[in-house]
């Protein structure tokens, strides 16, 4: 039997130079400047952090995944202070097996998101807004 836990609520979002704020995802830091008609929206690296409670499970018979339905454009995921995933590509779902890292009880999750220009993530130009953030469900 599968169990799903939605992690959309209660993220601490930090943008360089700003105080942390609590947000729910889907979220983008370009909600305003990405829609103002110019090509001057902010691109860089921000972090999303939250804690969550995981139920007890049997790692011998069960597998635990974190799934991100959309993070633009690159993501580095840490669970319990340990790097568990790097993902390039803002338009694809990605999933990471965290069976060995997750604990029953309280877990700390951190996602570092970067929408800076880079040559590994397409599209590179044309009529796209390269907004940054966790813009779909977790």
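Residue numbers (our numbering): 1238 to 1375.
Beta carbons are placed, not taken as given, at the ideal position from N, Cα and C, and that holds for glycine.
Query raised in the report: For residue 1304, which option in 1259, 1353, 1330 has the closest C-alpha, if you only look at C-alpha atoms?
Result: The candidate whose alpha carbon is nearest that of residue 1304 is 1330.
Query - Cβ pair residue 1301, residue 1348 closer than 8 Å - result: No.
Query raised in the report: Which of helix, strand or coil does DSSP assign to residue 1307?
Result: The three-state reading of DSSP puts residue 1307 in coil, since its state is none of H, G, I, E or B.
Query raised in the report: Going by the CB atoms, is the gap between residue 1287 and residue 1247 shorter than 8 Å?
Result: It is a contact, given that the beta carbons lie within the stated cut-off.
Requested in this report: Could you have a look at residue 1342 and say whether DSSP puts it in helix, strand or coil?
Outcome: Of the three classes helix, strand and coil, the one that applies to residue 1342 here is strand, per DSSP.
Report task. Below 8 Å on the Cβ atoms is my guess for residue 1280 versus residue 1354; work out the distance and round it to an integer in Å. Result -> With a Cβ gap of about 7 Å, residue 1280 and residue 1354 count as contacting.
Report task. Going by CA-CA distance only, name the one from 1298, 1317, 1351, 1375 that's closest to residue 1267. Result -> The shortest C-alpha separation from residue 1267 is found at 1351.
Requested in this report: Please determine, among 1319, 1321, 1343, the residue with the shortest C-alpha to C-alpha distance to residue 1290.
Outcome: In this structure, 1343 is the residue among 1319, 1321, 1343 with its C-alpha nearest to the C-alpha of residue 1290.
Query raised in the report: On the three-state DSSP scale, how would you describe residue 1280?
Result: Coil.
Query - Range of the contiguous beta strand (DSSP E) that encloses residue 1264 - result: Secondary structure note for residue 1264: it is in no beta strand (DSSP E), with a DSSP letter that is neither H nor E.
Requested in this report: Compare the Cα-Cα distances from residue 1345 to each of 1372, 1316, 1320, 1358 and report the closest residue.
Outcome: Checked all of 1372, 1316, 1320, 1358; the closest Cα to residue 1345 is 1316.
Query raised in the report: Within 10 angstroms of its Cβ, does residue 1256 collect 16 or more other Cβ (buried), or is it exposed?
Result: Per the 10 Å Cβ criterion, exposed.
Query raised in the report: For the segment 1291-1337, which segments carrying the alpha helix (DSSP H) assignment without a break, of at least 4 residues, lie completely within its bounds, in sequence order?
Result: Listed in chain order, the alpha helix (DSSP H) runs fully inside the segment 1291-1337 amount to none, counting runs of at least 4 residues.
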